[in-house]
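The structure appears right after this line, and notes come after that.
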Amino acid sequence: MKKLKELVAKFKQFDIYKNRKIFYIVPLFVILVMLICGMCYQFSNTKQYFANIGIDFQGGTILTVEFKDSEANSEKYDQNLAVITEVLNEQGVSVSRDQKSGDSTIIVQYVNFKKGEGSNDAKEMNLVNQAIKDTLRQKSDDGEISTILNINDTTIGNTSSKNLLKTAAIAVAVALACMLLYIIIRFDFYSALATIVALLHDLIIMLSLSVIFYVEVGDSIVAALITIVAYSINNTIVVFDKLRTTIKPYKQNKTNYDVKDIVNTSIFGTMTRTIYTTFTTLIVMIILVAIGVASIRTFGLPIIFGLIAGFYSSVFIAAPLWSDFKSIGAKLGQNRKNRKYKKSHAK
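Okay, so the sequence shown: first residue is 27 according to this note's numbering, each after it adds one.
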């Protein structure tokens, strides 16, 4: 903890306001890397998709294979899973997620086989699933994998997930509008605009890092997006509250203030608090991702990306953006006054 305080003290000597344009460029660089990685994945022989879209949004199959308890121990899990994966690959599909259920059951998910461009032939997929089950039963009889007691498949569609995504998008848009109104009332218009841009930055960077690291994008990404919106706004509001408190004496005395000093003072005045809250939350999420099952990882990794993006925007983007928006607003206001002055004197 002492070293962390020393590191923060050294960091406070850094001029964030002066280097703000560099910090604006970093997210653009991340987005560029995302586009490059996505194109590489798109034309890759192993991935073939721009992002790792899960069966929740594409439609797919959940295959549940229950083995005999005495034979399906932990040592044979990898062997059984390898055979299942091989059989799926032979039928033109690949495992998008696998997990162990109990001591003797393996559950795998895979995107439905697509016949032709843009089509999804349900009848052919049923035949593929049946062929997969028959092949696995044959391999079980031949002793290549543990004895199978029961095997079944469940096909799921993507309609409900699309509706969920649409509803979540509306919810986030309404939340952003309410935040915008609240911040305008509590602070000012420029603070509200900077906050919304910072939040959009967090969501875009979270999705970009999910593409770069090829994290599965499913229903859990919706929960992650909403979580980050709620969490990230907190740190940004704290920064703007400190900024308002710092400016208040100057406004009361009707004196000018240095925007550079105000921005840096506000950021560093809340730096320790921002680091502690982000760091403690990150520890919990990292542990969950490290020891959790696949479904936890697909939720936890985007949260980690969002926390990092939220910390970055709260410290390096929100307050500097406020100063830039305020400067642009002042120039536009002055231009309007100049035009009105010229028109009045022209008459």
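Cβ coordinates follow ideal geometry from the N, Cα and C atoms, glycine included.
{"Query": "Go ahead and label residue 106 buried or exposed: buried means 16 or more other beta carbons lie within 10 angstroms of its beta carbon, across all protein chains shown.", "Result": "buried"}
{"Query": "Please classify residue 58 as buried or exposed, where buried requires at least 16 other C-beta atoms within 10 Å of its C-beta.", "Result": "exposed"}
{"Query": "Scan the region 149–236 and note each continuous alpha helix (DSSP H) run of 4 residues or more that stays entirely inside, going in chain order.", "Result": "185–212"}
{"Query": "Taking Cβ to Cβ, would you say residue 78 is nearer than 8 angstroms to residue 240?", "Result": "yes"}
{"Query": "Can we say the region 245–264 touches the region 325–336, given the rule of at least three CB pairs closer than 8 angstroms?", "Result": "yes"}
{"Query": "Please state whether the Cβ-Cβ distance between residue 216 and residue 348 is less than 8 angstroms.", "Result": "yes"}
{"Query": "Taking the beta carbon of residue 261 as the centre, do at least 16 other beta carbons fall within 10 Å, making it buried, or is it exposed?", "Result": "buried"}
{"Query": "Residue 332 lies in the beta strand (DSSP E); which residues open and close that run?", "Result": "Element bounds for residue 332: not the beta strand (DSSP E) but the alpha helix (DSSP H), 320–338."}
{"Query": "With distance defined between alpha-carbon atoms, name the residue in 280, 191, 91 nearest to residue 134.", "Result": "91"}
{"Query": "Hey, would you say residue 88 sits closer than 8 angstroms to residue 193, going by beta carbons?", "Result": "no"}
{"Query": "Using the beta-carbon count (16 or more within 10 Å), is residue 311 buried or exposed?", "Result": "buried"}
{"Query": "Around the C-beta of residue 143, are 16 or more other C-beta atoms found within 10 angstroms, so that it is buried, or is it exposed?", "Result": "Reliability fails at residue 143, whose pLDDT of 43 lies under 50, so the model's placement of it is uncertain and the value that follows must be treated cautiously. Exposed, because fewer than 16 other Cβ atoms sit within 10 Å of the Cβ of residue 143."}
{"Query": "Pull up the CB-CB distance for residue 225 and residue 258, whole angstroms please, since I reckon it's below 8 angstroms.", "Result": "6 angstroms"}
{"Query": "Residue 162 and residue 177 - do their beta-carbons sit closer together than 8 angstroms?", "Result": "yes"}
{"Query": "Would residue 137 and residue 119 be called neighbours here (beta carbons separated by less than 8 angstroms)?", "Result": "yes"}
{"Query": "Tell me which same chain residues have a C-beta within less than 8 angstroms of the C-beta of residue 205, skipping the five on either side of it?", "Result": "218, 221, 222, 225, 259"}
{"Query": "How would you call residue 145, buried or exposed, if buried means at least 16 neighbouring beta carbons within 10 angstroms?", "Result": "Only weak support is given to the placement of residue 145: the predicted model assigns it a pLDDT of 46, under 50, and the value that follows is read from those uncertain coordinates. The residue is exposed, with fewer than 16 neighbouring Cβ atoms inside 10 Å."}
{"Query": "Have a look at 283, 60, 48 and flag the residue whose alpha-carbon is nearest the alpha-carbon of residue 232.", "Result": "60"}
{"Query": "Within 10 Å of its beta-carbon, does residue 284 have 16 or more other beta-carbons around it, so buried, or fewer, so exposed?", "Result": "exposed"}
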